[in-house]
Amino acid sequence: MAQPQLQELLEQLWGDYVRVNPQARAIWNLLESKGEQVMNDHIAFRTYDDSRIGINAVAATFIQLGYEPKDTYAFEQKKLSARHFEHPDQRMPKVFISELQTAEFSDELRDAVQGLVDQIKDEQIRRWDFPVLGRPWQVSHATYERMRQESEYAAWLAAWGFRANHFTILVNAFKSIDSLEQLNELLQDNGFALNRSGGDIKGSPEVFLEQSSTLASEVPVQFSDGTFTIPGCYYEFARRHTMPDGKLFQGFVARSADRIFESTDKRDRTQEK
Ligand code: NI
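Here you go:
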């Protein structure tokens, strides 16, 4: 069993995540009602590459709780880099942390990011529950919209801060659902919209990982200039395949994740509430 503190962190992350993303609870309930045991493959986090809050800062708590750094990834189109972390107890979810390469963007975006990060207090960053701190800065919807023109990722993070961007269910652990196709059909039959960017299923058995995800539901968020409805979090599903050496693939496939990132893109005009 994981140590109590890790269990507590995972529970806090899940509790926060289903508050922001009620569809995750509904999907979880749907799967349990089918007699399935829901097991997490990974939990994903987003951050900016500012050294105060970068991948290493978000990872610090997980490292303390026994996680080990594994592979790194580059997403050239979205201008992100990422790393995944694994716990020696393989039943614990992997942790996937990406960060925005702010040097690749305009001075305006970089200044806006710095303005956000400068608002965080050192003691907030040092908290053991930093990965589930929430949004530690004030930001206007106008800034959010300006960021969004350059990077949906930058804007999402400005609005939501530090929390699970998504949980991912390990489809391999299901008893009666054998494929992502079958799961996707079940979800769509029950009214959940999938992210179709790059096809319903990203990846293939040939790259040892298949993934799909819901589209993030839009939820009201309070900005410094009013409350606006924007995309929140999404739920992801992964089916892992066995490699030629007989081991189950544990990494990530950058080309697939590239399209999964789009699950939080804004899909229609912003509505002021
Ligand atoms: Ni993921």
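Using this note's numbering, the letters of the sequence shown correspond one by one to residues 40 to 312.
Beta carbons are placed, not taken as given, at the ideal position from N, Cα and C, and that holds for glycine.
Beta-carbon contacts of residue i that lie in its chain and below 6 Å, excluding the five residues immediately before and after
i, result
"V152", "Y87, T141"
"H81", "P132, K133, F135, T207"
"T111", "R122"
"A83", "F135, N204, H205"
"E75", "F213"
"R126", "It should be pointed out that residue 126 corresponds to His in this sequence rather than to Arg. Closer than 6 Å at the Cβ level, and outside the excluded window around H126, lie G105, Y106."
"S263", "Q177, S179"
"D55", "V171, R202"
Residue i: CB within 7 Å of a non-hydrogen atom of ligand 1
i, result
"A83", "yes"
"F276", "no"
"I66", "no"
"I326", "The structure shown has nothing for residue 326, since the chain only spans 40 to 312."
"F101", "no"
"F135", "yes"
Under the three-state DSSP convention, the category residue i falls into
i, result
"N277", "In the sequence on display, residue 277 carries Ala and not Asn. Note: A277 maps to strand in three-state DSSP."
"L254", "coil"
"Q289", "coil"
"P283", "coil"
"V59", "helix"
"R85", "strand"
"H180", "helix"
"N204", "coil"
"I136", "strand"
"F213", "coil"
"N79", "strand"
"Q46", "helix"
"Q103", "helix"
"E115", "coil"
"Q261", "strand"
"D110", "strand"
Contacting residues, own chain, Cβ-Cβ under 7 Å from residue i (five flanking each side not counted)
i, result
"M186", "L148, A151, A193, A194, A197"
"N229", "L69"
"F231", "Q62, I66, T253"
"K156", "It is worth fixing the name first, because residue 156 is Val in this sequence and not Lys. Answer for V156: Y87, D89, R91, I92, listed in chain order."
Cβ neighbours of residue i in the same chain (closer than 8 Å, five flanking residues each side left out)
i, result
"I159", "R91, I92, P175, W176"
"Q103", "W167"
"Q42", "L104, G105"
"Q163", "F169, L172, P175"
"R308", "The pLDDT assigned to R308 is 37, lower than 50, so where the model puts this residue is not dependable, and the model offers no usable value."
"S120", "D88, I94, T111, Y112, A113, F114, S137, E138, Q140"
8 Å contact criterion, which residue i and residue j should meet: CB distance rounded
i, j, result
"E143", "K118", "4 Å"
"V258", "V59", "6 Å"
"R279", "N211", "6 Å"
"N79", "L225", "With 8 Å as the limit, N79 and L225 do not qualify as a contact, their Cβ atoms being about 18 Å apart."
"D304", "E189", "The pair is not a contact, with the Cβ atoms about 13 Å apart (cut-off 8 Å)."
"N234", "S302", "4 Å"
heavy atom of ligand 2 below 7 Å from residue i C-beta
i, result
"H205", "Within the structure as shown, ligand 2 is missing, the only ligands being ligand 1."
Can we say the stretch 243-255 touches the stretch 91-103, given the rule of at least three CB pairs closer than 8 Å?
no
Taking contact to mean 3 or more Cβ pairs, one atom from each stretch, closer than 8 Å, check whether the stretch 53-66 and the stretch 268-279 are in contact.
yes
Tell me, please, whether the stretch 164-178 touches the stretch 194-201 by the rule of three or more beta-carbon pairs shorter than 8 Å.
yes
Does the stretch 234-242 come into contact with the stretch 290-302, if we say contact requires no fewer than three beta-carbon pairs (one atom in each stretch) closer than 8 Å?
yes
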